[in-house]
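Residue numbers (the numbering used here), protein chains in the order written: chain A, 3 to 197; chain B, 551 to 894.
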């Protein structure tokens with residue numbers, strides 16, 4: 003699949019759920035593995051998909067991929083006490099899917115774009131325009147903006163990091179309630195199982 | 551390897567690399583360094599993919615087109631592939647083998663792939679090729695090649711193999727003929743031979759694979775044990791032991807044993823999982839019924855068509871039935887070895 007399409011799809015459908023997946027991982031397996039490792043490897047696997055057309059609920063797919071990665075990491079490191087995800091949890095992921103599997107309304111989309119833009123410095127914004135619209139080199143960009151190439155790079159790195167933080171936090175804003183319900187149910191299941 | 555930024559966290563490194571790849575004027579050496587960094591760890595690739603996704607959103611917001619920017623600047627595309635096979639559990643989508651290659655467009659291709667940890671070399675019996683292999687001159691119809699990981703492959707009947715090695719998997723595609731593999735032990739990197747649509751996986755063992763027809767294969771095990779499956783049905787894999795042989799051909803849903811009867815044993819517990827990604831309950835039930843003696847019957851067409859997502863132990867029939875019933879608003883009734891899912 004075309005790499006730009008994958009990037010666009012991940013940015014639109016996967017990144018917004020990252021925070022939810024991260025806290026779910028931390029709560030469930032935080033004592034045996036680093037959620038960061040799991041998230042990174044999950045992105046790697048998602049990027050390797052030949053096609054994403056079959057994925058109706060990217061959120062559920064993200065959870066499942068993360069769960070599979072976590073299982074693999076634990077198996078590799080010899081952790082035996084691995085509780086597999088219960089069906090109740092899956093059902094809850096399904097439950098909240100429509101919330102997150104949103105078709106963004108136009109107004110929301112504009113808000114989102116403005117939000118992203120507000121994270122960027124003028125230098126970063128101009129550098130993106132020069133590169134993507136005019137196709138100029140980094141050196142020329144730096145010359146035109148009157149700063150060093152390092153400064154341009156740093157602005158872009160900081161910009162993309164801030165955008166990442168914003169995108170990855172969307173899930174929390176939009177479906178916080180649903181997630182909380184899911185957490186409670188999942189914990190209830192855990193408790194009943196350990197008895 | 552020199553991280554491009556001062557920070558040493560993977561996410562920070564990925565952000566620096568992605569900006570450099572997207573905006574910098576990278577020399578081939580630098581690109582090769584990035585290739586090597588990406589190949590070193592799936593977490594690196596994942597973090598890179600993540601940053602690129604955010605960059606995409608960022609650029610879309612600035613340029614005003616959320617779609618892919620049709621930039622004439624070529625020096626920025628990277629296709630990142632990962633091995634699906636490293637994900638042992640992930641049947642279905644993940645079980646399909648993918649090439650562990652990292653490809654770069656443009657001038658850096660040759661250098662990049664030469665230095666990257668992933669290598670792909672076509673080895674042809676009888677035709678000496680350049681590559682990281684010790685090749686024996688084709689004295690007879692048989693030829694022994696040493697793979698980079700220390701495994702040996704004996705090629706027969708003009709066998710042709712394609713080898714893909716990376717940090718977390720070893721994939722061999724048998725293009726034709728027959729090959730015997732003496733697999734070097736390496737638990738972290740499963741060794742998977744593919745013949746058409748048939749897959750055989752081992753970590754350290756001796757087994758041969760021969761092409762059958764356009765899509766099939768015969769797997770014979772001499773030592774150790776080998777997991778064999780077809781297409782993406784890794785969750786229904788057959789475990790072969792020394793002395794066993796199995797021939798799988800397309801169109802045959804059940805493995806037909808050729809020499810000894812292949813035991814339709816379940817794979818080890820950690821592999822025996824059925825993952826359902828939004829499939830109708832009726833097809834999920836068919837998958838459970840194929841591998842379990844307890845059978846599920848669906849008594850209502852509406853329940854049968856309800857779609858389900860989940861990961862279940864292949865023998866957790868009861869658990870699956872309960873989940874399916876809960877999802878579709880039905881209930882479960884069990885009598886003997888039959889579980890009925892019916893409307894409330």
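Each residue gets a CB set at the ideal place from its N, CA and C atoms; glycine is no exception.
Values in this document were obtained by computation on a predicted structure and should not be read as measured data.
When the Cα atoms are used, residue 612 of chain B and residue 776 of chain B turn out to be separated by approximately 53 angstroms. At a Cβ-Cβ threshold of 9 angstroms, residue 830 of chain B and residue 850 of chain B do not count as neighbours.
Using a Cβ-Cβ cut-off of 9 angstroms, residue 825 of chain B counts as an interface residue toward chain A, since at least one Cβ of chain A sits closer than that to its own.
When the Cα atoms are used, residue 874 of chain B and residue 65 of chain A turn out to be separated by approximately 19 angstroms. Interface annotation, residue 752 of chain B: not in contact with chain A, CB-CB separation never under 9 angstroms. The region 833-847 of chain B makes contact with the region 866-885 of chain B: 3 or more CB pairs, one atom from each, lie closer than 8 angstroms. In summary, residue 68 of chain A is buried, with 16 or more beta-carbon neighbours lying within 10 Å of its beta-carbon over all protein chains present.
At a cut-off of 9 angstroms between beta carbons, residue 6 of chain A contacts chain B. Within chain B, 738 have C-beta atoms less than 7 angstroms from the C-beta of residue 78 of chain A, given in sequence order. Restricting attention to A:45, A:38, A:166 and A:18, the CA atom closest to the CA of residue 121 of chain A is found in A:166. Contact annotation: in the region 8-39 of chain A, residues whose CB is within less than 9 angstroms of a CB in chain B are 8, 9, 10, 11, 12, 13, 14, 16, 17, 20, 38 and 39. Given a length threshold of 3 residues, each whole run of the beta strand (DSSP E) inside the region 693-748 of chain B is given here in chain order: 693-696, 702-716, 719-732 and 741-745. Residues 67, 68 and 71 of the same chain have their beta carbon placed closer than 6 angstroms to that of residue 44 of chain A, with the five preceding and five following residues left out of the count. Taking 9 angstroms as the CB threshold, residue 592 of chain B lines the interface with chain A.
Beta bridge pairing from DSSP links residue 780 of chain B with B:748.
If you ignore the 5 residues before and after residue 140 of chain A, its C-beta comes within less than 7 angstroms of the C-beta of 151 and 154, all in its own chain and listed in chain order. A Cβ-Cβ contact shorter than 9 angstroms links residue 731 of chain B with residue 752 of chain B.
Of the residues A:20, A:118, A:132 and A:6, the one whose Cα lies closest to the Cα of residue 60 of chain A is A:20.
Per DSSP, the continuous alpha helix (DSSP H) segment holding residue 145 of chain A begins and ends at 140-147. Per the coordinates, the alpha-carbon of residue 574 of chain B lies some 10 angstroms from the alpha-carbon of residue 580 of chain B. Nearest to residue 835 of chain B by C-alpha distance, out of B:562, B:890 and B:559, is B:890.
Under the three-state reduction of DSSP, residue 601 of chain B is assigned to helix. Among the residues of chain A, none has a CB under 8 angstroms from the CB of residue 854 of chain B; the nearest is roughly 17 angstroms distant.
Cβ atoms of residue 769 of chain B and residue 750 of chain B come within 8 angstroms of each other, at about 5 angstroms. Look at residue 849 of chain B here: in three-state DSSP terms it is coil, with no helix or strand label. Proximity of residue 693 of chain B to chain A, defined by a Cβ-Cβ separation below 9 angstroms, is not satisfied. In the structure shown, residue 51 of chain A adopts coil according to DSSP, grouped into three states. Look at residue 149 of chain A: its C-beta is not under 9 angstroms from any C-beta on chain B.
Rounded to whole angstroms, the gap between the alpha carbons of residue 118 of chain A and residue 13 of chain A is 12 angstroms. Per DSSP, residue 832 of chain B is one residue of the alpha helix (DSSP H) stretching across 831-841.
Rounded to the nearest angstrom, the gap between the Cα atoms of residue 727 of chain B and residue 746 of chain B is 12 angstroms. Around the beta carbon of residue 893 of chain B, a 10 Å sphere encloses fewer than 16 other beta carbons of the protein chains shown; the residue is thus reported as exposed. Exposed is the label assigned to residue 78 of chain A, since fewer than 16 other Cβ atoms lie within 10 Å of its Cβ. As the crow flies, the alpha-carbon of residue 9 of chain A is around 6 angstroms from that of residue 602 of chain B.
Taking C-beta separations shorter than 7 angstroms and ignoring five residues to either side along the sequence, the partners of residue 35 of chain A in its chain run 72, 75 and 76, following chain order. Nearest CB-CB separation between residue 43 of chain A and chain B: below the 9 angstroms threshold.
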